[in-house]
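**Student:** There's a structure below that I have some questions on.
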Ligand SMILES: Cc1ncc(C[n+]2csc(CCOP(=O)(O)OP(=O)(O)O)c2C)c(N)n1
Ligand SMILES: Cc1ncc(C[n+]2csc(CCOP(=O)(O)OP(=O)(O)O)c2C)c(N)n1
Ligand code: SF4
Ligand code: SF4
Ligand SMILES: [Mg+2]
Ligand SMILES: [Mg+2]
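Residue numbers (this note's numbering), protein chains in the order written: chain A, 243 to 818; chain B, 243 to 818; chain C, 127 to 413; chain D, 127 to 413.
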């Protein structure tokens with residue numbers, strides 16, 4: 243983070259140490275006070291033992307990425323600290339379990355890299371307080387909170403909410419940490435929320451925002467199958483959706499899950515499935531059916547490192563091609579890509595409207611980074627929630643009802659079961675207007691055109707793009723999804739180095755807002771396409787669809803792209 | 243067909259009438275005599291009742307497409323003849339069940355379109371001969387054979403081979419037809435094989451050629467699941483492969499089928515699966531596993547009309563994207579596309595070598611047109627069959643064996659189970675050189691590079707392209723798969739109209755022979771990309787990979803592209 | 127009253143079946159017309175979901191809402207429809223390949239969850255639509271296009287499986303003329319049953335199956351013994367297992383237990399005892 | 127003799143298991159080491175195929191060839207390996223989610239085809255790897271992260287299913303210390319069995335499952351009655367069905383019938399009674 247007032251904190255340890263909990267609660271407490279934050283988590287696929295890292299960037303101003311170099315490192319022990327020391331800024335502070343006085347608060351040594359190294363006898367402090375040695379993560383949370391200047395009450399509330407059952411033990415440990423740092427000479431990270439933002443924010447993850455968006459859209463049936471990092475959508479909805487009259491079904495596999503969704507949607511209700519790569523691959527046959535039989539459906543794919551089982555807990559943006567082309571034959575589908583947590587909410591809501599309006603599958607592409615990180619943002623204005631209904635047959639349509647009638651928009655009235663005179667058979671076979679199987683060349687051409695025409699029509703309301711940076715710049719970036727934050731930060735950093743760039747993020751990847759993109763690239767000398775994958779899938783798409791001479795900045799490392807990498811690319815492209 | 247000596251025959255009727263049998267036997271008999279032929283079949287997805295058409299173009303010279311306008315139409319009755327009359331050439335002949343003398347051979351009327359219309363009392367003739375009325379297709383075969391001048395013995399042999407059990411009945415009916423046409427004044431289609439070709443040809447379908455290629459390659463296990471139009475590969479192999487010591491397993495679904503293939507290949511043997519679109523979609527998760535765990539596998543996708551269940555019995559070339567990108571994450575695979583029946587044989591053989599050499603999935607893309615049509619061609623030289631073996635670990639490798647060792651080529655020695663010291667675990671998780679799960683950024687990058695490097699290495703032996711037409715032409719065509727025949731014919735037809743064009747057909751679609759293509763397009767003013775689909779998938783690929791300014795000629799009608807359509811496109815592109 | 131006008135003809139759609147003349151599926155279809163009329167199903171309040179195969183074409187010939195889906199997935203799709211619209215009558219139909227082969231993984235889970243729908247498995251002992259390959263119910267020894275040396279695999283026993291899965295209604299019928307009434311009756315019972323009804327129907331394929339013909343079945347089918355107690359699951363398993371020379375028809379098992387939809391409704395009550403949730407409140411979890 | 131050097135340690139790989147301390151899977155693994163040593167399996171002539179899940183990581187910890195595949199497909203992959211190399215010992219391993227959920231459609235077909243391989247289903251009544259969701263074997267009423275109001279679905283009974291599918295060897299063991307020897311013995315018997323062996327192992331997940339703990343099982347497991355006749359399939363079904371307060375362990379069923387590989391060999395003999403086919407001859411079919 244470039245802004246002086248932002249603080250980047252990293253908590254590190256091993257799976258089972260409660261690292262993610264500590265980091266999340268820090269972000270939540272800060273957010274509830276009124277600060278902004280941006281987080282990133284990384285852990286191994288093992289339930290126990292792998293390295294776990296949770297990083298939070300906290301600032302009074304909005305932040306768009308979890309930061310690169312650290313102000314504060316909290317590690318569960320020395321072993322967990324060592325690999326992260328080189329990420330510390332000069333003057334940064336590293337805290338970990340180590341021998342030190344239990345009564346003298348936070349003594350630090352200054353090492354030759356210019357870091358403050360501060361051992362804290364966490365286990366011993368916990369023992370003295372009569373608390374379990376397993377609660378070191380709460381000690382760390384207390385220490386971090388105090389050093390950042392967070393009021394204790396926000397930390398306490400966050401802990402209470404998370405652990406309604408084991409409140410006391412955790413609060414004790416929290417207090418141990420908070421107190422130990424209290425009188426330290428190192429209280430140098432004092433942050434305060436901006437005027438008027440005190441307590442105004444919601445703090446949530448991308449997965450939670452998707453789930454909320456779906457509830458707001460009137461979801462009736464969610465069906466899923468557990469898979470990292472998408473499972474929390476199902477878990478959240480299993481708890482909340484029944485309160486809204488809906489139901490959650492766990493399928494025996496992803497095909498069953500999407501099958502249930504299509505059944506519910508055929509029957510007339512809004513339905514959604516969420517999964518990650520392997521499950522998304524398995525859903526493709528039914529996505530093709532939804533496209534062919536014109537059944538609305540919303541499918542969330544939270545991308546993770548691939549291929550195959552791959553890197554289940556790491557982010558990657560490598561399912562774009564699958565989202566676009568993943569079933570045999572040509573099965574049009576809408577593909578949306580939120581760029582931050584807040585847009586996860588809005589785009590999910592929109593996805594349901596699009597699905598119903600154009601009677602086709604709508605895919606929402608998240609990745610582990612956006613799905614799991616927590617961001618603080620303003621409450622959405624729920625009164626504005628707008629729900630489109632499906633086009634229903636008029637009384638005229640119902641005499642000799644043609645489910646797949648050719649219309650100007652390509653959209654045909656879809657009868658809701660229960661409607662007298664509306665009986666019809668939806669089918670994955672090529673069919674005529676009534677839905678009767680038909681394999682003539684003419685019918686196939688016309689029905690194919692109809693299905694694709696709907697996609698084109700949907701494009702008219704999918705022109706939303708995020709454009710930022712300098713409009714005079716000769717270097718442009720076109721990206722998608724979770725990299726937007728890093729690119730925003732990179733453009734700001736580059737500006738400080740005297741380099742200018744501008745960027746465009748479409749929220750729809752299919753159909754692409756081609757006119758907006760063409761307008762954006764006018765006058766550009768170089769177009770960089772950053773993405774977290776190997777083959778540069780989005781770059782290829784831009785080349786294929788728009789013939790743009792793009793430079794792919796594809797980084798296949800199973801981690802978010804950093805602002806530094808983007809700055810370097812801007813620098814290189816700016817060379818005369 | 244443009245060549246004077248080629249005769250285009252169409253047989254038409256309804257499913258269950260034996261139309262396809264009659265057409266196939268005509269092609270087989272002609273082929274065995276030494277003529278060349280090219281066929282196309284089209285029928286509904288219903289087992290009974292749909293329209294069925296079988297078309298054969300027969301000529302002394304090699305033919306590359308089934309022809310457009312008809313010389314001879316044989317229909318089971320008048321109703322089946324009517325829709326096809328407009329396809330008859332001037333002077334063409336239409337024969338169908340109708341009232342006429344039973345003793346007077348073949349009386350024809352000349353209609354005002356310039357066609358000879360010839361009713362034949364097939365049912366009555368059969369009754370007189372004491373044969374079943376259901377054998378009208380054999381009467382038609384006899385009539386056609388005689389009119390074309392085929393010696394009776396080739397027809398008789400073809401019938402005997404096809405119906406070892408019901409020989410007599412069919413031979414009787416054949417003879418009825420043959421005799422009825424014998425003294426006709428209309429024996430105007432006399433064809434004769436060229437010098438030296440008499441009896442030299444093999445006649446087979448693309449599916450049969452694939453199956454033979456696989457046996458020649460040393461296939462040990464074929465696993466499949468029935469699906470039109472790929473099932474005959476399994477049926478053929480079920481009969482023949484056991485004779486060669488192999489086995490055929492029918493899976494409970496396509497995932498089981500490909501799973502069996504991967505198990506057999508992991509265990510060290512050559513294995514293959516074949517399917518069509520819906521099954522190919524279901525196989526994608528395991529294709530990703532094969533790519534990640536570096537397991538050789540050959541997968542045949544016989545494309546049919548889509549999406550979803552689509553047009554099961556019609557050809558389409560719309561699974562290219564799926565073949566290239568069909569699983570989550572980035573899972574490199576080789577994609578091959580035969581352009582005629584003969585290349586089905588050679589490319590299948592090659593596919594096994596590539597799979598073993600580069601330890602990855604190799605996909606062979608056929609379509610219904612190439613899979614089901616019969617072509618006559620020279621016997622392959624079987625002595626030349628060259629089989630690569632997998633790279634096995636050397637004794638040195640076996641001390642501390644690293645299954646996924648980084649090497650210059652990217653290919654690591656693969657131990658065959660049973661090898662002492664070679665034990666390892668293949669996995670779909672990202673892994674280190676030993677195969678242990680590893681999720682570091684560096685390992686993921688390096689292993690991704692390794693997997694893609696193998697693909698690039700494979701590219702070195704995948705430069706084979708078919709180039710034809712005039713090297714001076716300013717109009718070029720780049721196509722793939724089954725359209726080659728129509729394009730060859732179109733270039734010849736265009737030349738007669740004073741237009742020149744040249745064409746390139748790569749046999750590998752991934753990796754693309756980019757250098758060859760770049761060389762080919764030099765000097766071209768227009769590049770036309772013909773394909774049987776809607777979105778122009780191959781055109782997009784050429785744009786994305788090579789940035790070529792191509793014109794897509796995408797025809798989404800569930801039928802082969804015709805030479806006429808290609809000629810029209812050449813004409814348009816030739817306009818100054 | 128609405129019922130006066132209902133007869134089997136009520137359910138006949140305008141589309142003519144495309145099956146081969148003599149196919150058992152015609153009898154399945156007409157038994158279904160009869161059953162629907164017996165239970166007085168309202169056409170527009172009925173959904174029939176099918177898989178792919180000759181039998182999968184059935185919804186096209188019924189005047190009701192229909193969804194002809196993909197191979198093997200009819201059951202989960204039917205479950206989704208039922209859960210979304212519990213007030214509708216939902217049926218699923220498919221072949222032996224569809225339901226016991228590619229779709230065989232869904233049946234256990236649908237059966238144990240007990241949605242209130244009826245599944246008709248149309249068994250012709252092979253893949254009809256694709257022209258006669260071995261299926262999971264092809265007997266050992268039978269020659270098919272994919273088993274030219276005779277099928278080696280022991281077939282599955284659909285009734286035994288449905289029982290083992292915990293289906294709450296399990297029956298077998300035969301699509302032969304003499305058994306039409308029984309089949310109709312079993313279907314009607316299955317539709318009336320509150321919970322998941324599984325009906326195994328023997329339906330000869332006259333085009334590709336020279337072995338399991340009408341005659342073959344006529345010689346072998348028999349009714350379950352009058353003494354059979356359909357609430358005894360072990361006895362039902364025994365009857366299913368005993369199948370050898372004789373093939374028992376009738377109701378093997380029926381039990382009453384909560385349906386999936388009832389369970390989901392219970393969950394709703396439990397989650398929001400005081401009525402519907404509010405989105406505003408939900409957001410407060412994140413404030 | 128090669129056998130002198132074989133002990134359970136022979137099968138320990140260099141990789142340290144990544145399971146949580148106390149996980150039942152450690153006991154499964156060590157019982158497998160013991161069983162492999164009992165049957166004197168040669169490490170390099172053994173293949174272990176697994177699906178995805180905590181239990182799916184097992185092959186990594188065994189000194190043998192291993193294939194850690196994708197979720198739910200271990201069985202067909204193992205079948206392919208066995209058919210290609212009948213001389214090798216092949217095992218398959220996976221969790222309850224892997225084998226009864228997503229992969230549940232394969233078991234019936236593998237069981238009825240009877241390949242000579244052994245399948246170990248490691249059942250912890252939930253999805254361990256993904257942190258504790260409901261699985262097909264989670265009991266009714268249990269609260270999980272995806273069933274916060276308690277699981278409504280009746281669970282499947284894996285032993286009952288394997289019996290209904292026609293598996294030729296069906297057993298159940300428990301990964302508790304006192305039952306280690308029995309589990310080892312059952313695994314050894316399963317591997318020795320010529321045909322498909324199905325072994326259901328109760329293996330507590332100490333991290334996510336507070337219900338089906340070691341203690342829970344210790345209080346409930348019991349041996350099959352001494353009078354139980356493992357060649358009586360209906361009796362075995364009865365024992366499997368009876369499971370209520372008590373959970374019977376031991377060998378439910380064993381039968382001898384031709385294996386898949388034997389059937390395929392027979393077909394080869396039948397197809398080419400006079401030795402191998404020739405490609406040249408095959409081409410003549412087309413000439
Ligand atoms: C995924 C997939 N695989 C294969 C097919 C091809 N296919 C169509 S119908 C069918 C089997 C039909 O058999 P069955 O289910 O027994 O129905 P029947 O035709 O005998 O009534 C198959 C394999 C398909 N449509 N989709
Ligand atoms: C197709 C697919 N869907 C979902 C997942 C995510 N996933 C990994 S392991 C697992 C379940 C593990 O449960 P189980 O098989 O019971 O094994 P356990 O971890 O309990 O031993 C799931 C759902 C996946 N890897 N692939
Ligand atoms: S092929 Fe068989 S199952 Fe299909 S319609 Fe014909 S008789 Fe019926
Ligand atoms: S999560 Fe459960 S099943 Fe997985 S390793 Fe830990 S204790 Fe074992
Ligand atoms: Mg069938
Ligand atoms: Mg489990």
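Even glycine gets a Cβ: it sits at the ideal position worked out from N, Cα and C. Bear in mind the structure is a predicted one, so any value in this text is a computation, not a measurement.
1. With 8 Å set as the bound, which would you pick, yes or no: does the beta-carbon of residue 257/C sit closer than that to a beta-carbon of chain A?
2. How long is the line joining the alpha carbons of residue 267/A and residue 403/A, rounded to whole angstroms?
3. Got a sec? Which residues, its chain only, sit under 7 Å from residue 146/C by beta carbon, not counting five neighbours each side?
4. Whole angstroms are fine: how far does the CA of residue 383/A sit from the CA of residue 255/A?
5. What residue range does the beta strand (DSSP E) around residue 326/C cover?
6. Residues in the same chain with beta-carbon distance under 8 Å from residue 265/D, minus the five sequence neighbours each way, listed in chain order, please.
7. Is the shortest distance between the beta-carbon of residue 134/D and the beta-carbons of chain A less than 8 Å?
8. What span of residues does the alpha helix (DSSP H) with residue 301/C cover, start to end?
9. With a threshold of 6 Å on Cβ separation, who are the neighbours of residue 565/A within its own chain once the five nearest residues in sequence on each side are excluded?
10. Just to check my reading of the structure: residue 463/A and residue 513/A have Cβ atoms closer than 8 Å, yes? What is that Cβ distance to the nearest angstrom?
11. Does the beta-carbon of residue 638/B have 16 or more other beta-carbons within 10 angstroms, so that it is buried, or is it exposed?
12. Return yes when at least one heavy atom of ligand 6 lies under 7 Å from the C-beta of residue 253/D, else no.
13. Any C-beta of chain D sitting closer than 8 Å to the C-beta of residue 254/B?
14. What residues in its chain sit with their C-beta under 6 Å from that of residue 658/B, if we drop five residues either side in the sequence?
15. Can you have a look at residue 440/A and say buried or exposed, based on whether 16 or more other CB atoms are within 10 angstroms of its CB?
16. Kindly list, in the order they appear in chain A, the residues whose Cβ is closer than 8 Å to that of residue 181/C.
17. Count the other C-beta atoms from every protein chain shown that fall within 10 angstroms of the C-beta of residue 267/C, then say buried if there are 16 or more, exposed otherwise.
18. Since residue 550/A meets chain D, which of its residues come closer than 7 Å, beta carbon to beta carbon?
19. My output table needs one value for residue 244/A: the three-state DSSP class, helix, strand or coil.
20. Closer than 7 Å between beta carbons: that is the criterion. Which residues of the region 134-163 of chain D meet it against chain C?
21. List the residues that DSSP assigns as beta-bridge partners of residue 616/B.
22. So is residue 396/C in contact with chain D if we call contact Cβ pairs under 8 Å?
**Tutor:** According to the data block:
1. No, residue 257/C lies away from the interface with chain A (no Cβ there is under 8 Å from its Cβ).
2. Between residue 267/A and residue 403/A, the C-alpha separation is close to 10 Å.
3. Listed in chain order, the non-local C-beta contacts of residue 146/C below 7 Å within the same chain comprise 332, 333, local neighbours out to five positions each way being set aside.
4. Taking the straight line joining both Cα atoms gives about 13 Å.
5. Annotation for residue 326/C: the continuous beta strand (DSSP E) segment containing it runs 323-328.
6. Around residue 265/D: 251, 277, 281, 337, 338.
7. Residue 134/D does not count as touching chain A.
8. First-last for residue 301/C: undefined, no H or E at that position.
9. For residue 565/A, where only same-chain residues beyond five positions count, the Cβ hits under 6 Å are 577, 605, 607.
10. Between residue 463/A and residue 513/A a beta carbon distance of about 4 Å is seen, short of the 8 Å cut, so the two are scored as contacting.
11. Only exposed fits residue 638/B, as fewer than 16 other CB atoms lie within 10 angstroms of its CB.
12. Checking every heavy atom of ligand 6 against the Cβ of residue 253/D, one is found closer than 7 Å.
13. Chain D contact via Cβ: absent.
14. Answer for residue 658/B: 510, listed in chain order.
15. Counting every other CB atom within 10 Å of its CB across the protein chains shown gives residue 440/A a total below 16, marking it as exposed.
16. Listed by position along chain A, the residues whose Cβ is nearer than 8 Å to that of residue 181/C form an empty set, because the closest Cβ is around 14 Å away.
17. By the neighbour-count rule (16 or more Cβ atoms within 10 Å), residue 267/C is not buried but exposed.
18. Those within 7 Å of residue 550/A in chain D are 196.
19. With a pLDDT of only 43 at residue 244/A, under 50, the local geometry of the prediction cannot be trusted, and the value read off the model is given with reservation. Here DSSP, grouped into helix, strand and coil, assigns residue 244/A to coil.
20. Residues of the region 134-163 of chain D with a Cβ closer than 7 Å to any Cβ of chain C: none.
21. Residue 616/B is bridged to 447/B.
22. For residue 396/C, the answer is yes, since a Cβ of chain D falls inside 8 Å of its Cβ.
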